[in-house]
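Asks: Take this structure, written in structure tokens, and hold onto it; I'll ask about it next.
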Amino acid sequence: MTLPTVHIHDTLTGRKSPVEPIRPGHLGLYVCGVTVYELCHIGHARVFVTFDVVVRFLRHVGYDVTFVRNHTDIDDKIIRRAAELGKDALTLAEEQIVELDRDMGSLGVQAPTHAPRVTESIDEIVAMVETLIERGHAYAVDGGDVFYRVDSFPGYGKLSGQRLDEMRAGERVAVDERKENPFDFALWKSARPGEPSWDSPWGPGRPGWHIECSAMSCTHLGPHFDVHGGGKDLTFPHHENEIAQSEGAHGHAYVNTWMHVGLVNVDGVKMSKSLGNFWTVRDVVAQVHPEAIRWFMLTAHYRKPVGYSQVNLDLAHAQVERLHRTRLALSALFEDLADAPAPDPQTLADFRDRFHAALLDDFNFPAGLAVLLEAIRTANDLLATKKLRRNAAALGRLAALRHFLLEEVRPVFGLLETESESVLAGIRDRLATRFGIDQAEVEQRIIERVAAREAKDWERADALRDALLARHVELMDTPEGTTWRIVPPEPESAAPGDVDG
RNA sequence: GGGGAGGUGGCCAAGUGGUAAGGCAGCGGCCUGCAAAGCCGCCAUUCGCCGGUUCGAAUCCGGUCCUCCCCUCCA
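This note's numbering puts the first residue of the first sequence at 64, with every later residue one more than the last.
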């Protein structure tokens, strides 16, 4: 079987190119995880969800993917935070990894093939630093620190387009005078009293920030692998330094394709700790259903910024609702049918081909979403066909669309993985909380209105409906009875959490 | 100061040479007691601005205005 060719935009070349696996049929992917010292926010989630879909898709079309995503569990920030909390740094990291896995799990992010931790990779890291010193790319200084010698690596700056002589060293941070070049960076940091440390040829210490990814990617994927990804803000210096380390140590190319995920913006600016404009995954999940969060992440191309706003999240909620209502309608139809019609091959091929084409082209999520929306619309259209159950052609097309939703969209986008009733209830619960709606009371009003309608007391029925509508509760009278949903009012607020209702 | 990305209808957002996907909102229609949902139709001669290349440009080139990201820890 011939695998389809995937095109990916490579940061190094600035172009979109076909990916040629180093090992036929296999792709090695390394993605930078997070430094675990506090709860992750929705910006981290975007990177995780993005690569979750990337890996799901690559596997779906037949690639054997080895997906590595690390946990940076020892670092200055972890030590600082642990000190503030009065607990052990490694304990804090351990706890935060558990929280991270829980948060990402709640978003339907699948576990990577390997999730290496820095503290479990010290031997490889020390060995790599030794190699770099041997090859003249690094030097130890008094005090037990080891720095990378950027001037020894001609390619330094090739990923980010930076030139050493143009960068502003020390602009905002004091330069360590033991460095040969202000841009030299730490490979190994000597331990201060009370800090976690490991023995090394340079004395007790711990790894610098960038070396762990060079070492761990090599351990699990070898010194040269296919794709390396991470958030856009890691391009420099993190990934630039990784290239210097890995290529310096191995003497050959490190990564074939560099993928960088755009940032999550709030009011046009990057979500960040310092601005205080960030929302933790936990907080957002309490207000927005996980499938809607995933949908939201898919509405923009992964390389572009995506705007975190109440409007966008409400829209995602509405779309996910629509997706599940259609799924329910399809399920109801087919579960009721004596002999299920075979999916119409033409219809299935049409949607599948376009869906795959969108994703094969640098993972164009919005284009893929457009195909999904067309499938939903087409299905709803066919579901309204007169004498549907005696219309073999329509049933065949619906079977194909159902197959497309469940066997193509579901495994790739990670949507529709939860029972539709549960998703719809989950969305309703969140919105009810947001708008202070008593669901039992709504049900009671509906019962009253049903009675009014049966008595053809339209005035009272409409008054009840209007009263609910004023509280964002919309009623839907169907042949099967009256159902309801909560519809958030138009825009205003910037983001969830800003306002409470 | 250097590097990078981007400015597409009221909003969100695809689209890197061939004559503007999709979604939301809005308008008309079908359906409905009336609605909602769903479906059908309409909705950018135009892609920040000014020039240029081309038979042809949102897409290429030059200039210009604006925004964001990186050059410090950042997903």
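Ideal Cβ placement from N, Cα and C applies to all residues, glycine included.
1) Would you mind listing the beta strand (DSSP E) stretches within the stretch 330-359 that are 3+ residues and don't spill past its ends, in chain order?
2) Tell me the rounded alpha-carbon separation between residue 147 and residue 107.
3) Check whether the Cβ atoms of residue 103 and residue 297 lie closer than 8 angstroms to each other.
4) Below 8 angstroms, how does it come out for the stretch 386-396 and the stretch 365-377: are there three or more Cβ pairs, yes or no?
5) On the premise that residue 180 lies in contact with residue 244, defined as a C-beta separation below 8 angstroms, what is that separation, rounded to the nearest angstrom?
6) Determine whether the beta carbon atoms of residue 308 and residue 273 lie at a separation below 8 angstroms.
7) Measuring only the C-alpha atoms, how far is residue 345 from residue 190?
8) Once you ignore the five residues that flank residue 446 on each side, which residues in its own chain have a CB closer than 6 angstroms to its CB?
9) With 16 other CB atoms within 10 Å as the buried threshold, where does residue 563 fall?
10) How far does the beta strand (DSSP E) with residue 128 in it extend, from its first residue to its last?
11) If you run the structure through DSSP and keep just helix, strand and coil, what is residue 549?
12) Return the CA-CA distance between residue 456 and residue 407, expressed in angstroms with no decimal places.
13) With burial defined as no fewer than 16 other Cβ atoms inside 10 Å of the residue's Cβ, what is the status of residue 161: buried or exposed?
14) By DSSP, does residue 157 sit in helix, in strand, or in coil?
15) Can you tell me whether DSSP reads residue 197 as helix, strand or coil?
16) Mind checking whether residue 170 and residue 404 have CB atoms under 8 angstroms apart?
17) Going by the DSSP bridge assignment, what does residue 280 pair with across the sheet?
18) Taking just the CA atoms, how far does residue 369 sit from residue 362?
19) Do residue 467 and residue 414 come within 8 angstroms of each other at the CB atom, strictly closer than that value?
20) Spatial neighbours of residue 560 within its chain, please: CB distance less than 7 angstroms, with the 5 preceding and 5 following residues excluded, ordered by chain position.
21) Mind the definition here: the stretch 172-186 touches the stretch 122-132 only if three or more C-beta pairs lie below 8 angstroms; say whether that holds.
22) On the premise that residue 172 lies in contact with residue 121, defined as a C-beta separation below 8 angstroms, what is that separation, rounded to the nearest angstrom?
Replies: Let me spell this out:
1) none
2) Locating residue 147 in the first sequence gives position 84, counting from the first residue. Locating residue 107 in the first sequence gives position 44, counting from the first residue. C-alpha of residue 147 to C-alpha of residue 107: approximately 23 angstroms in a straight line.
3) Locating residue 103 in the first sequence gives position 40, where the first residue counts as 1. Locating residue 297 in the first sequence gives position 234, where the first residue counts as 1. No, these two residues do not count as a Cβ contact at 8 angstroms.
4) no
5) Locating residue 244 in the first sequence gives position 181, counting from the first residue. Locating residue 180 in the first sequence gives position 117, counting from the first residue. Going by Cβ atoms, the distance from residue 244 to residue 180 rounds to 31 angstroms, so no, they are not a contact pair.
6) Indexing the first sequence from 1 puts residue 308 at position 245. Indexing the first sequence from 1 puts residue 273 at position 210. Yes, they are a contact pair.
7) What you label residue 345 is simply residue 282 of the first sequence in a count that begins at 1. What you label residue 190 is simply residue 127 of the first sequence in a count that begins at 1. Cα to Cα, residue 345 sits roughly 38 angstroms from residue 190.
8) Taking the first sequence and counting its residues from 1, one reaches residue 446 at position 383. So the list reads 392, once near-sequence residues are dropped.
9) Here residue 563 refers to the residue found at position 500 when the first sequence is read from its first residue. For residue 563, the predicted structure reports a pLDDT of 25, less than 50, and the residue's modelled location is therefore unreliable. The matter cannot be settled from this model.
10) On the first sequence, position 65 is the one that residue 128 refers to. Unbroken beta strand (DSSP E) run through residue 128: 127-132.
11) Here residue 549 corresponds to residue number 486 of the first sequence, with the count starting at 1. Note: residue 549 maps to strand in three-state DSSP.
12) Residue numbering aside, residue 456 sits at position 393 when the first sequence is read from its first letter. Residue numbering aside, residue 407 sits at position 344 when the first sequence is read from its first letter. Each residue's Cα considered, the two are about 8 angstroms apart.
13) The residue you call residue 161 lines up with position 98 of the first sequence. So residue 161 counts as exposed.
14) Residue 157 sits at position 94 when you count from the first residue of the first sequence. If DSSP states are grouped into helix, strand and coil, residue 157 belongs with the helices.
15) As a first step, residue 197 must be located in the first sequence, where it is residue number 134. In the three-state DSSP reduction, residue 197 falls in the helix class (H, G or I).
16) Counted from its first residue, the first sequence places residue 170 at position 107. Counted from its first residue, the first sequence places residue 404 at position 341. Not in contact: residue 170 and residue 404 (Cβ atoms no closer than 8 angstroms).
17) Position 217 of the first sequence, counted from the start, is the residue given in the question as residue 280. In DSSP, residue 280 forms no bridge with anything.
18) Residue numbering aside, residue 362 sits at position 299 when the first sequence is read from its first letter. Residue numbering aside, residue 369 sits at position 306 when the first sequence is read from its first letter. Distance between the alpha carbons of residue 362 and residue 369: 8 angstroms.
19) As a working mapping, residue 414 is identified with position 351 in the first sequence. As a working mapping, residue 467 is identified with position 404 in the first sequence. Cβ atoms of residue 414 and residue 467: closer than 8 angstroms.
20) In the first sequence, counting from the first residue as 1, residue 560 sits at position 497. Unreliable positioning characterises residue 560 in this predicted model, as indicated by a pLDDT of 39, which lies under 50. A coordinate reading is not provided.
21) yes
22) By 1-based counting over the first sequence, the position of residue 121 is 58. By 1-based counting over the first sequence, the position of residue 172 is 109. Not a contact, Cβ separation roughly 15 angstroms.
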